[in-house]
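Here our numbering = 1-based position in the sequence shown + 178. I have placed the structure first, in the form of structure tokens, so that the comments after it can refer back to it.
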Amino acid sequence: MQKYLKRINYNQEIRNDSTTLTKLCKQHMEHIPFENLDMFGGKRRHLDFQRVYNDLVLLKRGGFCYEHNGLFNWVLLECGYKVKMVQAAAYIDEVVGYGPDFDHLALLVTCCDGSEWLADVGWGGNSFTHPLKFELTTEQTQPNGVYRLHKLDDNFIVLQKRKKTLIQMDNVECSVKKEKNAIEWESIYKFDLVPRKWEDFKEMFDYQHDSEESFLKNNMLCAKQRDTGSIVVVGWSAHEKIYMDPLTEKYKWKRKQSDQNEVKKILKDHFQIDIDFDLQPNSKYKFV
179 MQKYLKRINY NQEIRNDSTT LTKLCKQHME HIPFENLDMF GGKRRHLDFQ RVYNDLVLLK
239 RGGFCYEHNG LFNWVLLECG YKVKMVQAAA YIDEVVGYGP DFDHLALLVT CCDGSEWLAD
299 VGWGGNSFTH PLKFELTTEQ TQPNGVYRLH KLDDNFIVLQ KRKKTLIQMD NVECSVKKEK
359 NAIEWESIYK FDLVPRKWED FKEMFDYQHD SEESFLKNNM LCAKQRDTGS IVVVGWSAHE
419 KIYMDPLTEK YKWKRKQSDQ NEVKKILKDH FQIDIDFDLQ PNSKYKFV
């Protein structure tokens, strides 16, 4: 536990309350990247706690949702919180709807005062950095956005984020102007309230690694964020954004790398990740 706290540079008092929960979430996301670099030339990962701990804590690498939130679940239990793992399905688009069940792992956390929170340190560079209070329809403002939890049906809750304005480096807005009847809230994922075990996610963990249809297998990602902004590597491209206010973000810089050595330099300089294998960046997804 002490090695984990050192990894995220946390040196304050720990209590199983919402204040400590918020600090732990922020520090984790700032210091442990969301990344799937090993899928692009590295080792095949397996859903094993000791392996996850070694990679994310001791070797100072990162991971994706099952790894991040699996580790964070252990941390919170050690701190005295009550924690429930829940399965989630990412929202794709209006045509496809949601992805498969167990596509994502999130955490429902109960603090010492009985309050319940949605915590998620494994979504990547476009996620809430503070835990969300488990209150339906309540708008919750954070440095990087405005969020709410909305009841989809009798089985699922939807995490939504209010649409934001993105400003280019030349101060030109590149977001689409909102039409009168345009959707104001974007769905991120839906989740149910059934308690799960970490092993329940193994099938989808393997799918993410091995299936040619897997989003993660087709898109090399490395991302981290703090309250002031985010930095993201997608395939050969990289960018950093700063949060002007909860509903406005601006590019600080963005560029495309010409070879793997330039990509590795970005990873070293901004994420403190040393890659010792033949990295093969790829991305089939267009990020802005």
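From the three backbone atoms N, C-alpha and C, an ideal C-beta is built for every residue, glycine too. As the structure is a prediction and not an experimental result, all values here were calculated from the model.
Practice prompt. Rounded to whole angstroms, what's the CA-CA distance from D447 to N333? Just pull it up for me.
Written response: Numbered from 1 along the sequence shown, position 269 holds the residue referred to as residue 447. Numbered from 1 along the sequence shown, position 155 holds the residue referred to as residue 333. Taking the straight line joining both Cα atoms gives about 44 Å.
Worksheet item: What is the C-beta distance between C257 and N194, in whole angstroms, given that I count them as a contact (C-beta under 8 Å)?
Response: Counted from its first residue, the sequence shown places residue 257 at position 79. Counted from its first residue, the sequence shown places residue 194 at position 16. Their Cβ separation, rounded to whole angstroms, is 5 Å, which keeps C257 and N194 in contact under 8 Å.
Discussion item. How far does the alpha helix (DSSP H) with G248 in it extend, from its first residue to its last?
Written reply: To locate residue 248, count along the sequence shown from 1; it is residue 70. Where G248 is concerned, the enclosing alpha helix (DSSP H) stretches over 243-256.
Worksheet item: K262 and L296: beta carbons closer than 8 Å?
Response: In the sequence shown, residue 262 corresponds to position 84, counting from 1. In the sequence shown, residue 296 corresponds to position 118, counting from 1. The answer is no: Cβ separation not under 8 Å.
Fill in: F369: first and last residue of the uninterrupted beta strand (DSSP E) it sits in
Locating residue 369 in the sequence shown gives position 191, counting from the first residue. 363-369 is the span of the beta strand (DSSP E), which, as asked, contains F369.
Worksheet item: Of all the beta strand (DSSP E) runs that stay within the bounds of the region 405-450, which reach a length of 3 or more residues?
Response: Listed in chain order, the complete beta strand (DSSP E) runs (minimum 3 residues) inside the region 405-450 are 407-412, 415-423, 426-434.
Discussion item. Going by C-alpha to C-alpha distance, which of D423, R229, T319, Q435 sits closest to S415?
Written reply: The residue given as residue 415 occupies position 237 in the sequence shown. It is Q435 whose Cα lies nearest to the Cα of S415.
Worksheet item: From T200, G219, N187, Y325, pick the residue whose C-alpha is nearest to that of G413; which is it?
Response: Against the sequence shown, residue 413 aligns to sequence position 235. Of the listed residues, the one whose Cα sits closest to G413 is G219.
Worksheet entry | Same chain, Cβ closer than 6 Å to K260, neighbours up to 5 away in sequence not counted | Walking along the sequence shown from the start, residue 260 turns up at place 82. Excluding positions up to five away in sequence, the list reads T288.
Worksheet item: Mapping DSSP to helix, strand and coil, what is C289?
Response: On the sequence shown, residue 289 is found 111 positions in, with the first residue counted as 1. Three-state result, C289: coil.
Worksheet item: At which residues does the beta strand (DSSP E) containing V336 begin and terminate?
Response: If you number the sequence shown from 1, residue 336 lands on position 158. Segment 335-340, the beta strand (DSSP E) holding V336.
Discussion item. With a threshold of 6 Å on Cβ separation, who are the neighbours of P321 within its own chain once the five nearest residues in sequence on each side are excluded?
Written reply: Residue 321 sits at position 143 when you count from the first residue of the sequence shown. Excluding residues within five positions, the ones whose Cβ falls inside 6 Å are D405, Y421.
Worksheet item: Taking the Cβ atom as the reference point for each residue, do G302 and F379 lie within a distance shorter than 8 Å?
Response: The residue labelled residue 302 in the question sits at position 124 within the sequence shown. The residue labelled residue 379 in the question sits at position 201 within the sequence shown. Against a cut-off of 8 Å, the Cβ pair of F379 and G302 comes out as no contact.
Worksheet item: Sorted by chain position, which residues of the same chain lie with C-beta nearer than 6 Å to D456's C-beta, five sequence neighbours on each side aside?
Response: Within the sequence shown, the letter at position 278 stands for residue 456. Excluding five sequence positions before and after D456, the CB atoms of its chain that fall closer than 6 Å to its own CB belong to G219, given in chain order.
Worksheet item: Among the residues of its own chain, which have a CB less than 6 Å from the CB of V304, if the five just before and after it don't count?
Response: As a first step, residue 304 is located in the sequence shown; it is residue number 126 there, counting from the start. One detail in the question is off: residue 304 reads as Asn in this sequence, not Val. For N304, same chain residues with a beta-carbon under 6 Å away, outside a window of 5 residues either side, do not exist.
Practice prompt. Quick one: using the 10 Å Cβ neighbour count with 16 as the cut-off for buried, is T319 buried or exposed?
Written response: For the purposes of this step, residue 319 is taken as the residue at position 141 of the sequence shown. With fewer than 16 other Cβ atoms within 10 Å, it is exposed.
Worksheet item: Do K442 and Y429 have their CB atoms nearer than 8 Å?
Response: Locating residue 442 in the sequence shown gives position 264, counting from the first residue. Locating residue 429 in the sequence shown gives position 251, counting from the first residue. Not closer than 8 Å, so no.
Item to complete: Give me the Cα-Cα distance between D437 and Q450, rounded to the nearest whole angstrom.
Response: Numbered from its first residue, the sequence shown carries residue 437 at position 259. Numbered from its first residue, the sequence shown carries residue 450 at position 272. Rounded to the nearest angstrom, the two C-alpha atoms are 19 Å apart.
Fill in: Whole-Å CB distance - R175 paired with V264, under 8 Å assumed
No information on residue 175 is available, as it lies outside the stretch 179 to 466 that the chain covers here.
Discussion item. Whole angstroms are fine: how far does the CA of K221 sit from the CA of T315?
Written reply: Against the sequence shown, residue 315 aligns to sequence position 137. Against the sequence shown, residue 221 aligns to sequence position 43. Their Cα atoms are separated by approximately 42 Å.
Worksheet entry | Beta-carbon proximity of N251 to A284, cut-off 8 Å | Reading the sequence shown from its first residue, position 73 is the one you call residue 251. Reading the sequence shown from its first residue, position 106 is the one you call residue 284. No; because the gap between Cβ atoms is not below 8 Å, this pair is not in contact.
Worksheet item: Whole alpha helix (DSSP H) runs in the region 193-246 with 4 or more residues, listed along the chain?
Response: 196-209, 227-231
Discussion item. Pull the bridge partners of E351 from the DSSP assignment, please.
Written reply: Reading the sequence shown from its first residue, position 173 is the one you call residue 351. Answer is I345, bridged to E351.
Worksheet item: By DSSP, does Y269 sit in helix, in strand, or in coil?
Response: Numbered from 1 along the sequence shown, position 91 holds the residue referred to as residue 269. Reduced to three states, the DSSP call for Y269 is strand.
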